[in-house]
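J.:
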């Protein structure tokens, strides 16, 4: 909400300046609003619109600062950076073409362009890079914690279960009365199953599945006899590692519950790629009581926490006799508050410089 208020303030301030200095150009406020909207949907186009409006009116500096900053925030690679610099250079050429051929004014125009265009562009790109770096460090720390847990389980729990399994195997071949021999066989089988489960959990902790592995997961359940139908809407896009794993776990948990509580019933899995999020939905029309039983265990409670940690939402329940499990996972990870104090501080200082001090200095210079 804050950024929308800031954009509205930029449009209102520039419109007021235009109306006060040149009443005939007050209608340009509509074009400023369009440029502000473009800066959200298509930042480079909004940046180009801000450059054109500023060059034509000789004002609209706040909009120029805002659109340049938004274009910098959208820079995600070398291609985006080259495109943003190309738009900035094109804007400078357009500005120079509108001014009289006065060689003495060219350095002033270039310096103003650097201050009102290049500086906010670089600040926006810097903040975007800091947020991506913070997200990558958070994923790395999370992966390190997973590997530590896997190593501890393998070295401690796995070793103890191995000893129990060995001792149980030795008792299996011992000469024992039938009742004790049967109990030992059950103990040995339980120990081997526990070892298999521990090593399965260790493998799951070491391997980080993502949404790309959902096809293989669905094929695995389909081969086991679960009638699963997978559909996808929209174009697949990059998803943070934690969110990709959460999407995989949602499908895994939903299919496991369906196979357990409503076998032989069809399951529909849908991956819907939207502009800012991925929606994962599983629908399973089961017999009466199956949906409630599916949601009663701890699996979905843990899944809810997993999805919440990546900034998403999970919901499940029964509708018209069918159990529905749905998750919304953001395409951009939520920032880690402690790790982002420095970028937020830099962003606040940059916003004060760009949207308060620079316009005030400009107005005093004009006066």
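Numbering (the numbering used here), first residue to last: 761 to 1127. The C-beta atom is built at its ideal place from N, Cα and C for all residues, glycine as well.
(1) Where does the unbroken beta strand (DSSP E) through residue 990 begin, and where does it stop?
(2) Do you know whose CA, among 802, 1062, 791 and 1041, lies nearest residue 1035's CA?
(3) How long is the line joining the alpha carbons of residue 808 and residue 848, rounded to whole angstroms?
(4) Tell me whether residue 855 counts as near the ligand FMN, meaning its Cβ is closer than 7 Å to at least one heavy atom of that ligand.
(5) Along the chain, which unbroken stretches of the beta strand (DSSP E) at least 3 residues long are found entirely within the region 826 to 913?
(6) Does the count of Cβ pairs from the region 823 to 833 and the region 872 to 883 closer than 8 Å reach three?
(7) Could you spell out the range, first to last residue, of the beta strand (DSSP E) harbouring residue 1077?
(8) Considering residue 1032, what are the terminal residues of the beta strand (DSSP E) in which it resides?
(9) Please report the straight-line C-alpha distance between residue 1033 and residue 991, rounded to a whole angstrom.
(10) Suppose only complete runs of 4+ residues qualify. What are the alpha helix (DSSP H) ranges in the region 797 to 827, listed by chain order?
(11) Alpha carbon to alpha carbon, how far is residue 1088 from residue 1037?
(12) Could you name the residues of the same chain whose beta carbon sits closer than 6 Å to that of residue 1001, not counting the 5 residues immediately before and after it, in chain order?
(13) Have a look at residue 947 and residue 928 and give me their C-alpha separation to the nearest angstrom.
(14) Is it buried or exposed, residue 1076, if we count other Cβ atoms within 10 angstroms and call 16 or more buried?
(15) Based on the DSSP output, what are the partners of residue 1086 in its beta bridges?
(16) Taking just the CA atoms, how far does residue 766 sit from residue 773?
(17) Less than 8 Å between the CB atoms is what I'm expecting for residue 944 and residue 936, so what's the real figure, rounded?
(18) Taking only the alpha-carbon atoms, compute the straight-line gap between residue 950 and residue 1043 and give it to the nearest angstrom.
(19) Judging by CA-CA distance, which residue of 897, 811, 885 and 971 is the nearest neighbour of residue 872?
(20) By the DSSP assignment, the alpha helix (DSSP H) with residue 1064 in it spans what residues?
(21) Measure from the alpha carbon of residue 829 to the alpha carbon of each residue in 839, 814, 806 and 1090, then state which is nearest.
(22) Have a look at residue 1021 and residue 978 and give me their C-alpha separation to the nearest angstrom.
(23) Here's the rule: buried if 16 or more other CB atoms are within 10 angstroms of the residue's CB, otherwise exposed. What is residue 814?
(24) Quick one: is residue 842 buried, meaning 16 or more other Cβ sit within 10 Å of its Cβ, or exposed?
(25) If distances are taken between C-alpha atoms only, which option among 999, 1016 and 905 comes closest to residue 980?
(26) Can you tell me where the alpha helix (DSSP H) with residue 1010 in it begins and where it stops?
(27) Given this structure, state the Cα-to-Cα distance separating residue 866 from residue 799, to the nearest angstrom.
(28) Measuring alpha carbon to alpha carbon, tell me which of 942, 998 and 1012 ends up nearest residue 836.
(29) Could you tell me the alpha carbon to alpha carbon distance between residue 771 and residue 1086, rounded to whole angstroms?
(30) When DSSP labels each residue in this structure, what does residue 971 get in the three-state scheme?
(31) For residue 954 and residue 797, what's the separation of their Cα atoms in angstroms?
(32) Where does residue 1100 fall in DSSP's three states?
(33) In this structure, how does DSSP classify residue 921 when only helix, strand and coil are distinguished?
(34) Measure how close the beta-carbons of residue 820 and residue 792 come, nearest whole angstrom, since I'm counting them as under 8 Å.
(35) Assuming residue 971 and residue 1031 form a contact by the criterion Cβ under 8 Å, report the distance between their Cβ atoms to the nearest whole angstrom.
T.: Once the coordinates are examined:
(1) For residue 990, the enclosing beta strand (DSSP E) stretches over residues 988 to 993.
(2) Closest option to residue 1035, Cα to Cα, is 802.
(3) Computed Cα separation, rounded: 8 Å.
(4) This structure does not include the ligand FMN; it has no bound ligands of any sort.
(5) None, since the region 826 to 913 contains no complete beta strand (DSSP E) of that length.
(6) Counting Cβ pairs under 8 Å, three or more are found: they touch.
(7) That run of the beta strand (DSSP E) goes 1073 to 1079.
(8) First-last of the beta strand (DSSP E) with residue 1032: 1027 to 1033.
(9) Going from the Cα of residue 1033 to the Cα of residue 991 covers about 11 Å.
(10) Those alpha helix (DSSP H) runs which fall completely within the region 797 to 827 and span 4+ residues are 803 to 817.
(11) Approximately 6 Å between the Cα atoms of the pair.
(12) For residue 1001, where only same-chain residues beyond five positions count, the Cβ hits under 6 Å are 899.
(13) If you take the alpha carbons of residue 947 and residue 928, they lie about 7 Å apart.
(14) Sixteen is the threshold: when 16 or more other Cβ atoms of the shown chains lie within 10 Å of the Cβ of residue 1076, as they do, the residue is buried.
(15) When beta bridges are read from the DSSP output, residue 1086 appears opposite 1041 and 1075.
(16) Taking the straight line joining both Cα atoms gives about 10 Å.
(17) Under the criterion of beta carbons closer than 8 Å, residue 944 and residue 936 qualify as touching, at roughly 6 Å.
(18) Each residue's alpha carbon lies about 34 Å from the other.
(19) Among 897, 811, 885 and 971, the Cα nearest to that of residue 872 is on 811.
(20) 1059 to 1069 is the extent of the alpha helix (DSSP H) around residue 1064.
(21) Nearest to residue 829 by alpha-carbon distance, out of 839, 814, 806 and 1090, is 806.
(22) Cα-Cα distance, rounded: 17 Å.
(23) Residue 814 sits buried, since 16 or more C-beta atoms from the chains shown fall within 10 Å of its C-beta.
(24) Burial call: exposed.
(25) The residue with the shortest Cα to Cα distance from residue 980 is 1016.
(26) DSSP places residue 1010 inside the alpha helix (DSSP H), whose first and last residues are 1001 to 1021.
(27) Their Cα atoms are separated by approximately 28 Å.
(28) Checking every option, the nearest Cα to that of residue 836 belongs to 998.
(29) Rounded to the nearest angstrom, the two C-alpha atoms are 39 Å apart.
(30) Under the three-state reduction of DSSP output, residue 971 falls in the helix class.
(31) Distance between the alpha carbons of residue 954 and residue 797 is about 57 Å.
(32) Because residue 1100 carries a pLDDT of 44, less than 50, the predicted location of this residue cannot be relied on, and the following value inherits that uncertainty. Of the three classes helix, strand and coil, the one that applies to residue 1100 here is coil, per DSSP.
(33) Looking at residue 921 - three-state DSSP - the assignment turns out to be helix.
(34) The beta-carbon distance between residue 820 and residue 792, rounded to whole angstroms, is 6 Å. This is short enough to meet the 8 Å contact definition.
(35) For a cut-off of 8 Å, the C-beta gap from residue 971 to residue 1031 is around 7 Å, short enough to register as a contact.
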